[in-house]
Each structure stands twice: as structure tokens, then as C-alpha cells.
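Protein chains in written order, with my numbering: chain E, 4 to 407; chain F, 69 to 402; chain U, 11 to 334. Idealized CB from N, CA, C, for every residue including glycine. Predicted, not measured: the structure shown is a model, and the values here were computed from it.
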Amino acid sequence: MKISVSMLALTAALGFATAAFADDKNVKLGVLTDMAGLYADVGGAGSIVAAQMAVDDSGLAAKGWKIDIVSADHQNKPDVGVNISRQWADQDKVDGIFDVLTSSVALAVAGVAKDKNLVYMNSGAAASDLTNSACTPNTVHWTYDTYLLANGTGKAVVKSGGDTWFFLTADYAFGQALERDTTAVITANGGKVLGSVRHPLSSSDFSSYLLQAQASKAKIIGLANAGGDTANSIKQASEFGITAGGQKLAALLLFITDVHSVGLKIAQGLQFTTTFYWDQNDGTRAFAKRFAEKMKNHQMPTMVQAGVYASVNHYLKTLAAMGANPHDGAKVVSKMKETPTEDALFGKGSIQANGRVIHPGYLFQVKTPEESKGEWDLVKQIATIPADEAFTPIAQSTCALLKK
Amino acid sequence: MWGKRLNFRVWIRGAALTRRFLAETTPSLALRERAAHQPSLPMFAINTSALFGQLLVGLINGSFYALLSLGLAVIFGLLNIINFAHGALFMMGAFCAYFLLNLAGVGYWGALVLTPVIVGAFGIFLERTMLHRLANLDHLYGLLLTFGLALIIQGLFQNYFGSSGLPYAIPPELTGAQNLGFMFLPNYRAWVVVLSAIVCFATWFAIEKTSLGALLRAATENPALVRAFGVNVPRMITLAYGFGVGLAGLAGVLAAPINQVRPLMGADLIIVVFAVVVIGGMGSILGSIVTGFALGVIEGLTKYIYPEASNTVVFVVMALVLMVKPAGLFGRAS
Amino acid sequence: MAASSTVIQSPSGARGFNTELKVFGGMAALLIVLPLTGLVYPYFIMQALCFALFACAFNLLIGYVGLLSFGHAVFLGTAGYVSAHAARVWGLAPELAILLAVMAALGLGLAIGLLAIRRQGIYFAMTTLALSQMMYFVYLQAPFTHGEDGIQGVPQARLLGLIDLSKPLILYYSVLAIFLLAFLLIYRAINSPFGEILKAIRENEPRAISLGYKTDRYKLVAFVLSAGLAGLAGAVKVIVAQNASLTDVHWAMSGEVVLMTLVGGLGTIFGPVVGAFIITAMQQYLAGWGQWVQVAQGVIFVACVLAFRRGIVGEIAARLKIPL
Numbered sequence: 004m005k006i007s008v009s010m011l012a013l014t015a016a017l018g019f020a021t022a023a024f025a026d027d028k029n030v031k032l033g034v035l036t037d038m039a040g041l042y043a044d045v046g047g048a049g050s051i052v053a054a055q056m057a058v059d060d061s062g063l064a065a066k067g068w069k070i071d072i073v074s075a076d077h078q079n080k081p082d083v084g085v086n087i088s089r090q091w092a093d094q095d096k097v098d099g100i101f102d103v104l105t106s107s108v109a110l111a112v113a114g115v116a117k118d119k120n121l122v123y124m125n126s127g128a129a130a131s132d133l134t135n136s137a138c139t140p141n142t143v144h145w146t147y148d149t150y151l152l153a154n155g156t157g158k159a160v161v162k163s164g165g166d167t168w169f170f171l172t173a174d175y176a177f178g179q180a181l182e183r184d185t186t187a188v189i190t191a192n193g194g195k196v197l198g199s200v201r202h203p204l205s206s207s208d209f210s211s212y213l214l215q216a217q218a219s220k221a222k223i224i225g226l227a228n229a230g231g232d233t234a235n236s237i238k239q240a241s242e243f244g245i246t247a248g249g250q251k252l253a254a255l256l257l258f259i260t261d262v263h264s265v266g267l268k269i270a271q272g273l274q275f276t277t278t279f280y281w282d283q284n285d286g287t288r289a290f291a292k293r294f295a296e297k298m299k300n301h302q303m304p305t306m307v308q309a310g311v312y313a314s315v316n317h318y319l320k321t322l323a324a325m326g327a328n329p330h331d332g333a334k335v336v337s338k339m340k341e342t343p344t345e346d347a348l349f350g351k352g353s354i355q356a357n358g359r360v361i362h363p364g365y366l367f368q369v370k371t372p373e374e375s376k377g378e379w380d381l382v383k384q385i386a387t388i389p390a391d392e393a394f395t396p397i398a399q400s401t402c403a404l405l406k407k
Numbered sequence: 069m070w071g072k073r074l075n076f077r078v079w080i081r082g083a084a085l086t087r088r089f090l091a092e093t094t095p096s097l098a099l100r101e102r103a104a105h106q107p108s109l110p111m112f113a114i115n116t117s118a119l120f121g122q123l124l125v126g127l128i129n130g131s132f133y134a135l136l137s138l139g140l141a142v143i144f145g146l147l148n149i150i151n152f153a154h155g156a157l158f159m160m161g162a163f164c165a166y167f168l169l170n171l172a173g174v175g176y177w178g179a180l181v182l183t184p185v186i187v188g189a190f191g192i193f194l195e196r197t198m199l200h201r202l203a204n205l206d207h208l209y210g211l212l213l214t215f216g217l218a219l220i221i222q223g224l225f226q227n228y229f230g231s232s233g234l235p236y237a238i239p240p241e242l243t244g245a246q247n248l249g250f251m252f253l254p255n256y257r258a259w260v261v262v263l264s265a266i267v268c269f270a271t272w273f274a275i276e277k278t279s280l281g282a283l284l285r286a287a288t289e290n291p292a293l294v295r296a297f298g299v300n301v302p303r304m305i306t307l308a309y310g311f312g313v314g315l316a317g318l319a320g321v322l323a324a325p326i327n328q329v330r331p332l333m334g335a336d337l338i339i340v341v342f343a344v345v346v347i348g349g350m351g352s353i354l355g356s357i358v359t360g361f362a363l364g365v366i367e368g369l370t371k372y373i374y375p376e377a378s379n380t381v382v383f384v385v386m387a388l389v390l391m392v393k394p395a396g397l398f399g400r401a402s
Numbered sequence: 011m012a013a014s015s016t017v018i019q020s021p022s023g024a025r026g027f028n029t030e031l032k033v034f035g036g037m038a039a040l041l042i043v044l045p046l047t048g049l050v051y052p053y054f055i056m057q058a059l060c061f062a063l064f065a066c067a068f069n070l071l072i073g074y075v076g077l078l079s080f081g082h083a084v085f086l087g088t089a090g091y092v093s094a095h096a097a098r099v100w101g102l103a104p105e106l107a108i109l110l111a112v113m114a115a116l117g118l119g120l121a122i123g124l125l126a127i128r129r130q131g132i133y134f135a136m137t138t139l140a141l142s143q144m145m146y147f148v149y150l151q152a153p154f155t156h157g158e159d160g161i162q163g164v165p166q167a168r169l170l171g172l173i174d175l176s177k178p179l180i181l182y183y184s185v186l187a188i189f190l191l192a193f194l195l196i197y198r199a200i201n202s203p204f205g206e207i208l209k210a211i212r213e214n215e216p217r218a219i220s221l222g223y224k225t226d227r228y229k230l231v232a233f234v235l236s237a238g239l240a241g242l243a244g245a246v247k248v249i250v251a252q253n254a255s256l257t258d259v260h261w262a263m264s265g266e267v268v269l270m271t272l273v274g275g276l277g278t279i280f281g282p283v284v285g286a287f288i289i290t291a292m293q294q295y296l297a298g299w300g301q302w303v304q305v306a307q308g309v310i311f312v313a314c315v316l317a318f319r320r321g322i323v324g325e326i327a328a329r330l331k332i333p334l
């Protein structure tokens, strides 16, 4: 949001003036993310880098397109996110909003995107509600969701004998959705949930929650939280001897940056679900190498950042195919749904009518310190979840768009 | 300097005491056996273990309440202001330890000694340059000024370090845990409880039982008279502020390995500590210590009985105390 | 205990009525024209107006009774949640939702006021802060507030069945009308016999007591009134922003209203309005600076306390020797 008052007025005027032309090739992307909070490593500056890479790779600038990226920090607060996106739509004439990790913000921004008829490509939030109860004609949901996490990690853990669970849940839309979806998978596979405890977003001391989980005597302590919260839960569970006492942790959502920050010594053996790992194939490695060079801390991309790249890529491809930017969110999104997705990071895929992007998921396991050959050599793939099993079957989606 | 000497002494005694404490709490074979059999014990036994666990965690939190409310009480005693920057200075303590480790290679033990001195010196700087100008104004201005300082300090750290945490490792001497039968007590957390108890009661002793303390208390009651005896009261006030702030810095170092080092680590904590201070009343040093530990334990108890209320229980207690004893449990009527 | 007399130094008398009327007229005219110029984002002015009302309500306590409430956000936020819930879940008309929200703020004001006025000065400040933080935790966990998620998509229905609030300009003038009416109400309260007694309590409470006034009762009435007006600000703000969130109950918001009032001038009639616009503008136009905004606010705080205790309007009033 580094825009001065006069710039605002100017761009607003330009927006009006150019909207009238049929061959309008101006596009403005807004990357809305957590710049400094507990999810900043997952998205943050990396999401902006990924978006810029996708713009550069599209080669559209050479074909007369003018593509600008604005970015802002929603601080993981829905009200802040809503205010920024409303102003982006009203004042800055932004066409599409990208990333928006943190499910509470994601769901709130979905409402604004629909009201203002923007393109809304979410790649950071997990709540499966985005393409179910809260779906809109403007939303496309990339990368992952709570259904995938539950069916990936949840199912694998129950099948390997972890049939009693206690949840440690981040107390907002994401944690609740993840607990809900995982509970469904556990019960469907013959397991049982013994209880759960909710903790505020961005907590630092998990000791009392972990003691509650310990007292439940559940075989599995399911971590329905993310980012810094997950990293802290794992560290403190080790400190309080919970893992040594026989209970196992199931980190339902684990990012590569979390594994990096916790360290292999403590995290080794954890299984988790992801849709992207930098060291999967030549395409992901090439992307990761370029990405890390642009990052101040030289971190490898997370699946959220990869999702930003892929979604911007698909958006620009669709616009290029349309020949001009119609500045009509719903129209562009429906065109995107007709177009198969393809990129080096997620491979080939498609977008369902409810906005869900379909691609395979993978079950990974954190390596032992002995197995690791470098700072970012952290995990290994143990199973593939085929695309048709990874996400909510369209017949079960509760999205209102499907009931026509 | 008063603060430095005191902390050093406390540090040595603290280390010795911890060793004894840990020797006593090393699990016996019988305890280990009980722990191993616990899953088959009836519901009652399981609940006891959870209860004691939560009480112990409460006691750990209580240590921070006590250290911080003690610092506030010392400052209030001499300056009559509520130091809103206390949470920010607590955070600076943790960052100081982090910097000492990562920039100067000074480990935890060095940081434990150096940080209170550095943060205390920063406090003295604040007092000399700003706070002392407010001496003749309404005390509310002190609250407002320190609130502004807290915003500046926290904002600066957030700019440079974001709001997620930086890791700070537990010193190798204190890693590991003791199996107490009902729970694993990480050695480091035991150390926090013991050290802060020692620091708190040493402070109480110094202020209530020594001649220097007597002078301090006299200066609180009647600064003009004490000045007449040839004591440099302004300097005493400055040092008291430095000492109170140094305690916050010490608490910050203690918290670093538990809470990670985060710019906002003190921001929400400080408001709970304010409630602790209202409950205890500002009049008494001992009062602030006892209330701090007690409220930590009450919070732990609530986490066992009704976890949903654990965040609010301190404030409910405060409301009750205000109804029955407006001056606070240990306070003098204002 | 006369400590509070140093806080404020601009009591207004009947003589200043004319000047005040002129300034009020100027302010109203400016606010009526402003959105038509297209220079400013109307949404921003509406937000600033809500904060201005909030700050005026807060100023009623600090400026005219000498009570520093450090937990005033609790009334803003509570009313916000009530009005959001009433409008979104119960489908009540905006005027009913706002009315209900103000009642809730009045009730909470009574409860907190009864507890807090048992202590004076700094203890009063800390008590209000702690009680508001308690409510923060309650709202964090209460199901109807949706915790971190907040209440989203609050409808902008028809006010009194006639006025369509979903039209930006209509919404703007409705908010402006509410603000101006509330502002006049506060002005009237300050210049009534009740207001005179409040000022007497501020200057010298023991003396007011010795004159036979039950000062605690007056303080409580002022506190409840201030809470209700803060609630009105919160309820309207939610209709404007279409969402209610924890931000409005957090202690940082309580600190912000103190800052707004301090910058504008404690105990001045127009000060809180000026302060609210300055601070809101800072947040709006410096948003890209991240936490530097917070640092700047802290610096303003410190500067105001150390060197600039009259605030902007207080300073102007003192220079021109007129009450404002």
C-alpha cells in the first residue's frame, strides 16, 4: 500500500479512463498476506516474489501488457484484510487478489471480492469452506485445503494404528475447519476423538494445553494449527516429554519452513501432507533455485508461495487468451474454470465449478538428521494422493453455485 | 551499583539451590513405575496428575507475574507512576539476551547477569531524559508517557523482527526434564520458578530489612525530610527506576527460552500484571510478590477446572477484590 | 487529590458560546462538502467521524471529570458486536441494532463504572484497563463474536425503513447526522448545571463533597453517559465497516482514543475531533509504513506529554484566548 494520495487519485482516474477500451491491457494484482506475523515465512515477502516471478515468466510485458503488483499486510486480522481489499477495489482499481493466507481473513475477503466483482485466487488459506459453504463465482482456491490435509495425514495416521485423538486447535476458522474435517476422516476410518482444546492464534506457551492433551491419554495429539504455532507446539511437546511418554504428534499442516525452524532432531518422523516440495523434480528445483536467490533469507518456497506463482500464472494465461482485461472478476474466473491448469510446480490440473483447483497431493515424512544432506534437505515423499482423491468430490460440495 | 551486585549474588545462590532442588526431585524408581502404570489407573489418579501439572505450569507463570509486579511496585513506590513500558522493557530483556548470544557470543548465563544491567541502564536513561520532567505533574502523565514509550519500543522491534518469534535455546545445563510421576517437569522451568522466587524475596529483604531499604522507604514517605538528611533523593529515584526495570529485563531473559523472543511478548502480559498489582495493592513489596505467585497458581487451577475461564480469572479476582477491599489485599487506603 | 486540575486548562464559559457556534458551523459545513469534492475517500471520513465521536465521549470523562479511562475500547467494541449480531443474525433494522448496542454499552458502562469509581487516579485507569481486557478475553472465546474471525458481512439495510444505507453518499450523510447530533448532546451536557458540577469535581473533589454533592453518583452518571456515546460510535462504525472484530475491543484501541484526545487537546470541545482525524489519517495514508505508524504514534504521545500538553486545539485556544 505504498501509494500516496495523488497516486491514488491518478490511478483511479486512469482506471476509469482505460476501462472503456476493449483492448485494455492493464492489469493490477494485489498480494494480500501476512508480512510480519507467524505466517510471514509461509507467505509474506515470498508470496510477492512468487507473484513477480509469474508476471516476469508470462512474457506479457513484451506483448504490450502493463501488469502492476501491489501488496499489503493484513496482519492476520479479518477487519484489516477487508478494509484493504475494499480500498483496493474502490480506489486502486485492483483486478485480482492473491495469496490471502489465514482462513479468517480469506473468508472475509471472499465477501468483498464478490461484492466488488474481483478475481480472488486464494492459495494460502486452508479452510475448505472457501469452495463449499462460502463459495462465490469469484473465488478460485489453489494449493491445498483442510479436506486434503484431513484425508492425507489424518487417514494415514489412523490406518497406522493411531485411532484415538486429542486436538490442539487454533481457535479460528482454519483450526475449526481442520478439526472438523479431520474428525470426519477419523470416525469414518474407525477412530475416535477423545477431546480437544482451543488456543488463541499466535500463542507462545503451549504447556498447559499440552498437559490437557497428555491427560486425555489419546494415542495421537492432532495439531490443528499452523506456522509458528505448530513449530512451538512441537518443540514444547518434546520439552514436556510428551512424545517420549508414548503419545504421538500429528502435525496436520506443516510447512517446509516450520520443519526448518523446529529442526530435524525434534521433528524427525513427523508425517504431513503437502502439494509441493521444492526437491520433487527438475521443474520445482529450477523454480526453487531462482526463488531462493531473490529471497533475503534464501529460504526455499513453501507450497503457499508456489501456489501464488501458479495462480498468477494461470490468471495471466487466461487473460492473454482473452486478449484484453475485461475488469470483470466473475467473467475471468469462469473463463479460468474452462481452461485446464498447467505449470512446472503442480503439473496438470483443472478447476472445478466450485472454484477448487484439482491436483495431486503427497504424503511426506520428515527426515532424520542422518538422512539429511543439506540445510533444506528436510523431508521425503512416502505416498501420493491422486488428484481425484485429494479434494472434496464435487458431488459432496455444499457450494451453492452447483445447485442451479 | 545496587542492582548489579544484588543480581550477581542471587545468581550464585540460585544456581546452588537449583542443584539441590533438582537432586531432591530426581525421580525414584517407585515414581517411574507409577508413571509407567498410569494408563491403567482409575480416572481419579489421572485427574490428580493433570491438576498438579497445571498448578506447576501456573506457578511458572506466577514467577513472571511476581517479578514484573515487583518491579512495578518498586517503581511506583518511589516515582508514583505506573510504568506502562514495563512489558516493552521485559521484551527488551529477551532481545538483549538474543543479541548477546548472536552478536557477542555471550551465552545464557552471561546474559542473565548482563541483561538486567543493560536494560536497567536503559531505564535510567529514560528516567533522566524524560520521566523526571514529569515529577510535578499529575501521575497520569507518567502513565501516558510510558505508554507512548512502549509503543515506540514495540513498534521499532516489530519493524525489524516482525511479530513472530526468534528462537532462543535453553542452556545445555538446564535441558532435559524430571519425571515427577504426575508430569515431566522441564528442568528449565523449575529453574525459572526457583530463581525468580529467590530474586523476589531478596529484593523484599533488601527493601524491608536493610538500612538502605529503610532509606528508600523513608524517601517514599517523605522525600523532603530525607533530602534534609543530605540524601540525594533524585538519584535514589533514578536508581530505583533502573532497578525495577532491571527486574523486568531479568524476567525477559528467563522468558526467552520458554516464550521465544517476540516483540509483543510483553504487551499482553503487562495488562495481566496490572490486574495483579490492583489486586495486591501498591503499598507492599511482599504483597506484590505473593499476589503474583498466587494468581499464577489460581490461573493453573482454573485451567484444570474450567480451562475456558483461565484467561479471565485474574480479572474476575480483581473485580471481587475491588468490591470487598478497594485498596487491594495488601494496599493502604489512598 | 486535586491532581487532575493540572491535566486540563481550558474550561469554557458562556462567553465563548458564539465562537463555539461559529466553529461548529464551519466544521459541519466542511464535513458536508468534503465527500462531494472527491478529494478524500468517503469511507475514510466516515471512519474518522466514528473515531471522533468515540474520542468526544472519552473526552467527556478525562476532560470534564478528570477520570482517565484506559479501557474505553470495551464500549466501542461491545456495541459493535451487539449491533453486528443484531443486524446480521437477527436481521434487525439499523436503527434498532444501534439502539440495542447503545443500551448494551450503557449497561456495561454501569457495571464497570460501579467497580472502577471505587478507586481514583492511576488505580481508576488500571482498573478500567483490566476490566476491558477481561471483556476482550470473553469476546475472544464467546461463540457469537466468532473470535478471531469476527462478524463479517454486516448488512447495510434501510435506516427507519426509508434511508438506503448501501448507497455510499446516503450512508455518509446518515453517519454525519448522527455524529453532529451526538456532538451537540455532549456540548449540551458539558454546559448544563450537571456539567458544571462535573468540572467542580475535577477541580476539587473534596470541596464538591463538602458542598453536599454525592460526587460518586455524578462520576458514575458521566461514566455511563460516556460509555453509551462510545457505544454509539462503535455501533455506527460496524454498519460502516460491515464487520465487527477484536481490534475494536483490544487495549491498543483504548490507547488510540487517549492519543486522539491528547493530540487534539484534553478538555477542549473540538480537540478530540481534530485528534481523531489526524490519527485516522496517519493510519490510512501511512499504512504502507507498517509498524512505523505505531512508532510515530508513540513519538507523538511522548511529545504531547513532555512538551505539548494542551494539544493542538488547546494550544490554538490559548494563543487566541478563546474557548474551543
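- Note on geometry: alpha-carbon atoms of E:L213 and F:A118 lie some 10 Å from one another.
- In the pairwise beta carbon analysis, the stretch 290-298 of chain U is classified as not touching the stretch 206-214 of chain F: fewer than three pairs are separated by under 8 Å.
- By the C-beta density criterion, F:F273 is exposed, having fewer than 16 other C-beta atoms within 10 angstroms.
- Per DSSP, the continuous beta strand (DSSP E) segment holding E:K31 begins and ends at N29 to T36.
- A distance of 9 Å or more separates the beta carbons of U:F68 and U:G244.
- Taking 9 Å as the CB threshold, E:I87 lines the interface with chain U.
- Judged by their CB atoms, U:G238 and U:A121 are not nearer to each other than the 9 Å cut-off.
- Taking 9 Å as the threshold, the shortest C-beta distance from F:E376 to chain U falls below it.
- Interface criterion not met: the Cβ of F:A362 is under 9 Å from no Cβ in chain E.
- Beta-bridge pairing by DSSP links E:W168 to E:V196 and E:I223.
- For F:Q222, no Cβ of chain E is located within less than 9 Å of the residue's own Cβ.
- Here E:Y123 carries a strand assignment [DSSP, helix/strand/coil].
- Between the C-alpha atoms of U:E30 and U:F189 there is a straight-line separation of about 17 Å.
- Bounds of the alpha helix (DSSP H) holding U:G123 are P104 to A126.
- In this structure, the alpha-carbon of F:L224 lies about 27 Å from that of E:Q90.
- Contact note: F:A335 does not reach chain E at a C-beta cutoff of 8 Å; the least C-beta distance is about 12 Å.
- The alpha-carbon of U:M56 is positioned some 57 Å away from that of F:G244.
- Per DSSP, the unbroken alpha helix (DSSP H) holding U:N69 starts and ends at P52 to Y74.
- If you check each beta-carbon in the stretch 227-241 of chain E against every beta-carbon of chain F, the ones closer than 9 Å belong to G230, G231, A234, N235, K238 and Q239.
- Closer than 9 Å to the CB of U:L150 there is at least one CB belonging to chain F.
- Beta-bridge pairing by DSSP links E:F367 to E:F275 and E:Q384.
- Of all residues in the stretch 202-232 of chain F, only Q226, G230, S231 and S232 place a beta-carbon less than 7 Å from a beta-carbon of chain E.
- In the structure shown, E:Q239 adopts helical secondary structure according to DSSP, grouped into three states.
- Residue environment analysis places E:Q217 among the buried positions, since at least 16 neighbouring C-beta atoms fall within 10 angstroms of its C-beta.
- Using beta-carbon distances, E:L110 counts as an interface residue toward chain U, with a partner under 9 Å.
- In the displayed model, F:A270 falls within a helix according to three-state DSSP.
- Among the residues facing chain U, E:Q283 is not included, as its CB has no counterpart in that chain under 9 Å away.
- In the pairwise beta carbon analysis, the stretch 258-266 of chain U is classified as touching the stretch 133-149 of chain U: at least three pairs are separated by under 8 Å.
- Rounded to whole angstroms, the Cβ separation of E:L63 and E:A323 is 6 Å, and the two are in contact under 8 Å.
- Ranked by Cα distance from E:G99, the first of E:L35, E:D148 and E:V160 is E:L35.
- The DSSP-derived three-state label of F:N247 is strand.
- Per DSSP, the unbroken beta strand (DSSP E) holding F:F252 starts and ends at F252 to P254.
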